[in-house]
Amino acid sequence: MPSGHIHDMKEVREIAERNIRELLDLALKIFHKDRELARRYVDMAFRIAMKTRTRIPKEYKRLVCRKCRNLLIPGVNCRVRLQPRREPHVVVTCLNCGRIVRYLIKRRRKSSMEPLTETKS
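Residues in the sequence shown are numbered consecutively from 187, following this note's numbering.
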């Protein structure tokens, strides 16, 4: 009987992830027309994720302020700055609540799989 429960939980999480993506897509589409409705969609998506213990996809997670749960649209309600100093990073500031988030920019390393050039003597 417990194995059926695990299978059901997988199904529940798949449905939840589909609903989360759909709600966040709707929030992005409707943001410019009705910001409050967009915020409500985001809130519903986060509630579904918490209740089913499902992760919100990374591409959507970065579009939402964790403090006020508003969609972050650059130039509208958030500021995006590039900081090239010591550790290059992107600074995103929510203009609603003031929360600041920093995302590190990883530098590309030369691939170790590149063929070595041989010198002839």
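Just so it is clear, CB atoms sit at the ideal spot from N, CA and C, and this is done for glycine as well.
Q) If you compare alpha carbons, which of 237, 259 and 270 is closest to residue 278? A) Your numbering for residue 278 matches position 92 in the sequence shown. Selected option, being the one with the closest Cα: 259.
Q) Do residue 285 and residue 264 come within 7 angstroms of each other at the CB atom, strictly closer than that value? A) As a working note, residue 264 is residue 78 in the sequence shown. As a working note, residue 285 is residue 99 in the sequence shown. Contact: no.
Q: Can you grab the Cα-Cα spacing for the pair residue 201 / residue 274, in whole Å?
A: The residue given as residue 201 occupies position 15 in the sequence shown. The residue given as residue 274 occupies position 88 in the sequence shown. Rounded to the nearest angstrom, the two C-alpha atoms are 38 angstroms apart.
Q | Backbone CA spacing between residue 212 and residue 239 [nearest angstrom] | A | By one-based count along the sequence shown, residue 212 stands at place 26. By one-based count along the sequence shown, residue 239 stands at place 53. Each residue's Cα considered, the two are about 21 angstroms apart.
Q) Mapping DSSP to helix, strand and coil, what is residue 238? A) On the sequence shown, residue 238 is found 52 positions in, with the first residue counted as 1. Reduced to three states, the DSSP call for residue 238 is helix.
Q: For residue 225, I'd like the list of residues in its chain whose CB is within less than 6 angstroms of its CB, leaving aside the five on either flank, ordered along the chain.
A: One-based indexing of the sequence shown puts residue 225 at position 39. So the list reads 256, once near-sequence residues are dropped.
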